[in-house]
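If you read the sequences in order, they're chains A and B.
With the working numbering applied, the first sequence covers 7 to 400.
With the working numbering applied, the second sequence covers 265 to 855.
Here a beta-carbon is modelled for each residue, glycine too, at the ideal position from N, C-alpha and C.
Note that the structure is a prediction, hence the values are computed from the model and not measured.
Heads up, the thing below is written out as structure tokens.
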Amino acid sequence: MSLNFPHTQAVYTHQQELRVRRVFPLETEVKVREGKRVFADTVVARVEPRTVALRVDVPAALGTAATETNRHLTLPTGSTVTAGQVIAKTRRGLRTATVTSPVAGTLLEVDPRSGEVLIAPVGAGEILAHVAGDVVELLGRSELTIRTVGSRISGIVGLGEPTTGPLRVLTPAADSALAAQGLPTDLAGAIVVAGGTVPAAAYRALAAAGIAALVTGSLSPREIGAAFDWDGEDRISTWRPLAGDRRFGPRAKTPYAVMATEGFGTRGMSPELFATLLGWAGQTVTLLPATGVTGTLMRPELILVDESGLDSDSEPDQATLTPGAIVRLTDQARLGQWATVLDRPYRHRFPNGVLTDAIDVDLGSGERTPVRVVNVEVLLVAPPRAPAFASDPS
Amino acid sequence: MVATRANTSSSAAAGAQDISPESLLVADFGRGSTRAFLLEQVAGTLRLVARAEGPTTFDLPFDDVSVGWLQTLRQIEWDAGRVLIERDNVLTPQRQRGDGVDAMLACSSLGEPIRVAVIDTGPSPMTAAAITALRKTHVSILHASVPAVKKDTTWVPAWADTIRAYQPDTVVLLLDGDQAIGVPRAIQMLRDISGVINPRRGVIFGEATVLGQTLTLFGSRTKVRSITPAGKTGEEFGAELETEARGDWAERIDRTDLRATLREVTGTVPTRAHAVDLVTRYVARVSGQAVLTIGIDDGSHAHWASGHEAAQTAFPRLDVNAGIVNLTAREIADAVNWLPFDVQTDDLMTWVLNRAIRPWAGPEADDDVRIEQALLRQVIRRVAADLDRTHPGALASAGLVIAGAGVDRWQDAAIAALCLLDGLYHVPASGIVALALDRDGLLPVVGTLGMTYPAVASDIFGHDALQHLGSAVIVTGVPKPGEVACRIELQVQGGPNRDLVVKSGDLAVLPLATGEQATIVVRPEKKVAVGAGQPGKPVTFGTERAVTGGEVGIIVDARGRLPLPSPAVARTGVVRQWIRAAGDATGAVRT
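In structure tokens:
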């Protein structure tokens with residue numbers, strides 16, 4: 007197993023009982039009880055709509071003072087609005103300047119300080135289960151665990167909001183770069199897989215295509231930053247957790263959810279994970295992208311639920327560093343490299359003088375190589391319990 | 265303060281015991297790693313006999329601190345050859361056959377720090393008292409001070425946004441400063457965000473006439489306490505804040521598993537940073553010199569003490585693990601200055617992000633080790649700069665610099681010394697600074713012991729705590745690279761004299777082993793000064809206070825300060841020379 011994941015299972019688990027932990031914003035009210043069976047579209051929690059409302063800068067659009075916004079509204083607060091409906095207007099010489107609502111929803115209020123208008127989109131504040139299963143644990147007002155059955159690939163970093171959609175694989179191989187041109191025209195709502203590098207233009211093209219999520223090998227900070235205009239004076243600040251916010255990269259706003267399986271950089275997805283995703287193509291999967299390292303440990307998860315197996319009893323495999331387990335190396339020089347565990351952990355002094363827990367692995371050459379235990383992640387438990395990759399999840 | 269079997273007050277003296285136990289177990293629970301130390305009577309005094317370290321399992325995937333703690337204890341049992349655990353509990357008191365320990369103590373920095381926003385209305389002794397007291401606990405502090413200038417339309421909205429994003433657990437509002445401008449502005453700012461922050465606690469300090477305006481600043485969930493200045497000293501006010509912050513933190517981490525793990529603990533459980541602060545003050549007192557300690561482990565903290573004065577700075581979210589992402593892009597880009605090879609800024613950014621998302625991974629390749637060392641220097645620089653800002657002159661006055669275990673993560677004394685010199689980047693006024701390493705991470709242990717067993721703490725510090733690296737002589741105003749900067753005469757007691765000519769831009773090391781003492785005469789060239797001394801004036805070290813050796817020896821730093829040479833090929837060559845020069849002394853040359 008590895009300290010890098012919030013569960014004690016392998017990175018890839020096939021057709022097993024899964025515990026899916028959902029952590030919500032602090033001002034959330036959980037709407038389900040322990041023992042309740044939920045489905046992907048079940049509302050499991052609600053947040054105060056103000057915290058998720060869009061802010062429309064009416065003073066800037068009309069050229070009016072912040073304190074005057076109420077005078078220019080065309081609807082009272084609390085009104086239902088449609089996308090494109092005029093919500094504020096003012097006379098500018100002979101013409102009338104207007105501001106429209108960018109989304110359908112409810113006009114909540116005017117921020118008295120900035121004069122901005124808050125509009126809660128339809129359904130704003132409703133948090134869906136996204137995976138079918140049974141609620142097995144409630145922790146306070148903002149956390150619950152759902153027991154489900156299916157297969158899961160844990161990512162290492164994710165962005166955006168949870169989403170569900172059909173899986174589409176866009177690159178021919180795990181290390182193929184995704185071209186911005188020539189994308190299929192029917193990607194709206196899909197969770198797409200691009201194994202290799204994704205250039206800025208491709209990130210933007212995927213947004214234009216209306217995808218729900220992207221699953222890729224690695225995130226290039228420069229490319230994704232350029233795609234979504236994050237590059238400020240302090241480029242690292244996009245990724246810096248905010249005090250009071252458990253998420254990694256809270257300022258990294260993307261128009262769709264994103265999950266990287268390997269990390270940051272230009273490294274392609276591991277071929278075996280890519281092959282597994284090829285096997286999932288066409289099926290409906292759920293991406294829960296929440297990532298947090300400080301405080302509560304959270305990793306993104308791509309889940310293929312098997313609803314027919316929800317009532318079956320099955321003990322999940324525990325990932326252990328036993329001989330035969332397939333692991334991934336995580337020291338930066340060999341990040342993403344696969345290996346097979348040859349022996350149990352032991353104390354070892356490395357050539358640089360560091361004495362620490364080590365494990366012998368085979369990097370594919372047949373040779374025994376010691377690596378630090380903290381630098382391995384169990385991808386697949388030792389046979390015979392683990393199936394081959396890319397097997398049919400049904 | 266975490267609940268323990270025999271809690272005492274936070275006063276160090278209150279729990280002090282005169283009886284020296286036969287054996288002690290001290291736990292140091294950090295957010296990333298847990299350390300256990302076994303102390304045993306050896307020839308009449310308690311000494312460190314075994315130490316073990318393992319991952320902290322307070323958070324997921326284990327969510328149970330006892331898993332890692334018991335694993336660490338088993339490692340100590342194996343090393344020491346005695347049984348310490350019985351039915352998953354620490355065996356106390358020590359049994360006749362030698363198993364168990366007489367007592368267990370602990371320090372802890374588990375859990376998220378309490379976020380405290382301190383807002384003042386101008387210079388006030390209460391601000392200093394509040395911040396000093398809060399830093400003894402596990403808090404991160406956001407300090408906003410209302411500017412006294414009349415026309416300032418940006419302060420209120422800017423700080424309202426900052427505090428809204430910070431989401432403080434506690435707001436401390438100090439309204440005893442400028443009444444005409446400061447008070448209304450501070451109240452206005454808090455009023456603007458009253459609906460969007462939900463602090464658990466609000467503490468308002470000010471005259472009764474002002475307090476009336478603050479009644480509606482917080483929502484119903486906030487426990488508000490108003491204090492008037494009458495009869496309240498800064499120390500009393502600080503002590504109240506400290507108690508409240510400790511209580512909030514204890515409540516945050518209060519879990520069944522932690523209560524069970526700490527069941528056998530006696531005395532107060534201080535934070536790691538507070539324990540180190542106590543030791544720093546102690547060392548400054550007994551050694552009669554200004555002492556600076558730097559800890560970069562789970563977060564970063566620096567402590568300075570001289571006589572009865574002390575200062576502290578803490579960045580609970582800045583380190584080279586998950587907190588590495590709290591370095592700025594500029595600081596990361598500048599880390600290239602400490603690398604003996606060229607690397608693109610984008611690649612460094614990627615390295616940092618990969619470390620931040622897998623903070624438990626360790627570097628194995630030499631280049632990765634060098635990058636980690638370079639970034640550690642940048643973290644030290646941030647911490648040192650903050651201490652210098654809040655307490656001007658503290659760095660320059662330090663005669664002894666002690667680095668915590670995090671600086672020795674590569675178990676390389678020469679690199680630890682180099683990281684300290686590069687990271688601190690200050691010029692000691694005297695021209696010389698002694699360097700030491702807390703290799704086993706004993707400073708928090710000594711601080712914790714000092715609260716209950718002061719005599720034991722003194723013994724452990726005296727015998728086991730520090731590895732001396734040596735001393736660094738720093739010359740300034742160096743001429744062009746390659747020209748002579750100074751001449752050194754090292755007169756070793758009971759040994760031969762050694763002479764050395766040090767050129768500008770060089771880092772030179774003269775061997776002086778641990779336990780050896782020497783006198784050093786430094787003869788600088790005309791425009792070169794030793795420390796803050798006069799240019800060209802020779803200085804002799806070792807006449808009043810002996811210059812002692814260490815694992816590295818005597819370092820003569822004639823590198824000057826920024827800028828480093830460019831282009832990259834020249835810079836990397838120079839850095840390689842520095843690393844080689846430092847490593848030559850210890851035989852650990854890996855460039």
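I need the straight-line Cα distance from residue i to residue j, nearest angstrom please.
i	j	result
B:Gln731	B:Ile819	16 angstroms
A:Val380	B:Ser768	42 angstroms
B:Gly446	B:Ile383	10 angstroms
B:Val853	B:Ala566	With a pLDDT of 44 at B:Val853, under the threshold of 50, the modelled position of this residue cannot be trusted; read the value that follows with caution. If I take the Cα positions, the gap works out to 29 angstroms.
B:Thr396	B:Trp568	13 angstroms
B:Arg787	B:Asp770	16 angstroms
A:Ala396	A:Val163	A caution first: A:Ala396 carries a pLDDT of 45, below 50, which makes its placement in the model unreliable, though a value can still be read off. Rounded to the nearest angstrom, the two C-alpha atoms are 22 angstroms apart.
A:Arg56	A:His20	40 angstroms
A:Ala403	B:Leu369	Given a span of 7 to 400 for chain A in the structure shown, any question on residue 403 of chain A remains unanswerable.
B:Arg449	B:Leu505	24 angstroms
B:Ile427	B:Thr614	30 angstroms
B:Arg399	B:Leu526	23 angstroms
A:Arg339	A:Ile133	The sequence given here places Ala at residue 339 of chain A; Arg does not occur at that position. Distance between the alpha carbons of A:Ala339 and A:Ile133 is about 40 angstroms.
A:Thr106	A:Ala59	15 angstroms
B:Val420	B:Gln452	7 angstroms
A:Ile152	B:Leu664	55 angstroms
B:Ala719	B:Ser284	8 angstroms
B:Thr309	B:Ala677	28 angstroms
A:Gly315	A:Ala138	11 angstroms
B:Pro708	B:Cys683	21 angstroms
B:Arg653	A:Thr177	53 angstroms
B:Ala463	B:Gly814	Here residue 463 of chain B is Pro; the residue named in the question, Ala, does not match the sequence. So the alpha carbons of these two residues sit roughly 50 angstroms apart.
A:Asn10	A:Leu335	12 angstroms
A:Lys42	A:Leu293	22 angstroms
Mind pulling the chain B residues with CB within less than 8 angstroms of residue i?
i	result
A:Trp245	Val589, Leu617, Ala620
A:Leu303	Asp323, Leu324, Pro325
A:Gly271	Thr614, Asn618
Since residue i meets chain A, which of its residues come closer than 7 angstroms, beta carbon to beta carbon?
i	result
B:Met613	Pro227, Arg241, Ile242
B:Asp610	Arg228
B:Gln335	What B:Gln335 touches in chain A: nothing, since even the nearest Cβ is about 10 angstroms away.
Please check the pair residue i and residue j, which I expect to be a contact at CB under 8 angstroms, by giving their CB distance rounded to whole angstroms.
i	j	result
B:Ala593	A:Asp240	5 angstroms
B:Ser563	B:Asp583	The question names Ser, but residue 563 of chain B is Gly in the sequence shown. At roughly 6 angstroms, the Cβ-Cβ gap stays under 8 angstroms, so B:Gly563 and B:Asp583 are in contact.
What residue does the beta strand (DSSP E) around residue i start on, and which one ends it?
i	result
B:Val720	It is not in any beta strand (DSSP E) - B:Val720 instead sits in the alpha helix (DSSP H) that spans 718-724.
A:Gly139	139-145
A:Tyr209	Where A:Tyr209 is concerned, there is no enclosing beta strand (DSSP E), although the alpha helix (DSSP H) it sits in stretches over 206-215.
B:Val410	No beta strand (DSSP E) holds B:Val410; DSSP gives it neither H nor E.
B:Trp568	563-570
B:Gly459	No beta strand (DSSP E) contains B:Gly459, which DSSP labels as neither H nor E.
A:Trp344	344-347
Need the endpoints of the alpha helix (DSSP H) that residue i sits in, please.
i	result
A:Tyr262	Neither: A:Tyr262 is in no alpha helix (DSSP H) and is coded neither H nor E.
B:Asp598	593-598
B:Trp423	419-430
B:Asp763	No alpha helix (DSSP H) contains B:Asp763, which is instead part of the beta strand (DSSP E) from 761-767.
B:Ser330	329-344
If the cut is a Cβ gap below 7 angstroms, which residues of chain B does residue i touch?
i	result
A:Gln338	Trp615, Asn618, Pro627, Asp632
A:Asn10	Arg622, Trp624
A:Asn76	Correct list: empty, because the minimum Cβ distance to chain B is about 17 angstroms.
Residue i versus chain B: which residues are under 9 angstroms apart at the beta carbon?
i	result
A:Phe354	Checking the displayed sequence, the identity of residue 354 of chain A turns out to be His instead of Phe. Within chain B, no residue comes near A:His354; the closest Cβ sits about 12 angstroms away, beyond 9 angstroms.
Between the segment 65-77 of chain A and the segment 118-127 of chain A, do at least 3 Cβ pairs fall closer than 8 angstroms?
Yes, the segment 65-77 of chain A touches the segment 118-127 of chain A.
For the 8 angstroms Cβ check, are there 3 or more pairs between the segment 280-291 of chain A and the segment 226-242 of chain A?
Verdict: no, contact absent.
Would the segment 693-702 of chain B count as touching the segment 735-745 of chain B if we require 3 or more Cβ pairs under 8 angstroms?
Result yes; three or more Cβ-Cβ pairs closer than 8 angstroms.
Does the segment 213-232 of chain A touch the segment 157-171 of chain A, meaning 3 or more C-beta pairs lie closer than 8 angstroms?
By the Cβ criterion, the segment 157-171 of chain A is in contact with the segment 213-232 of chain A, since at least three pairs of Cβ atoms, one from each stretch, lie closer than 8 angstroms.
Inspect the CB distances between the segment 497-511 of chain B and the segment 457-470 of chain B and report whether three or more fall short of 8 angstroms.
Between the segment 497-511 of chain B and the segment 457-470 of chain B, the count of C-beta pairs closer than 8 angstroms reaches three or more; the two stretches touch.
Between the segment 322-333 of chain A and the segment 258-276 of chain A, can you find at least three pairs of beta-carbon atoms closer than 8 angstroms?
These segments do not touch.
With three or more beta-carbon pairs closer than 8 angstroms as the criterion, would you say the segment 315-325 of chain B touches the segment 284-304 of chain B?
Contact holds: three or more Cβ-Cβ distances are below 8 angstroms.
Just checking, does the segment 603-610 of chain B make contact with the segment 570-586 of chain B on the three C-beta pairs under 8 angstroms criterion?
Touching, no, given that fewer than three Cβ pairs across the two stretches are closer than 8 angstroms.
Pairing CB atoms from the segment 749-760 of chain B with CB atoms from the segment 777-785 of chain B, are three or more of them under 8 angstroms?
The segment 749-760 of chain B vs the segment 777-785 of chain B: in contact.
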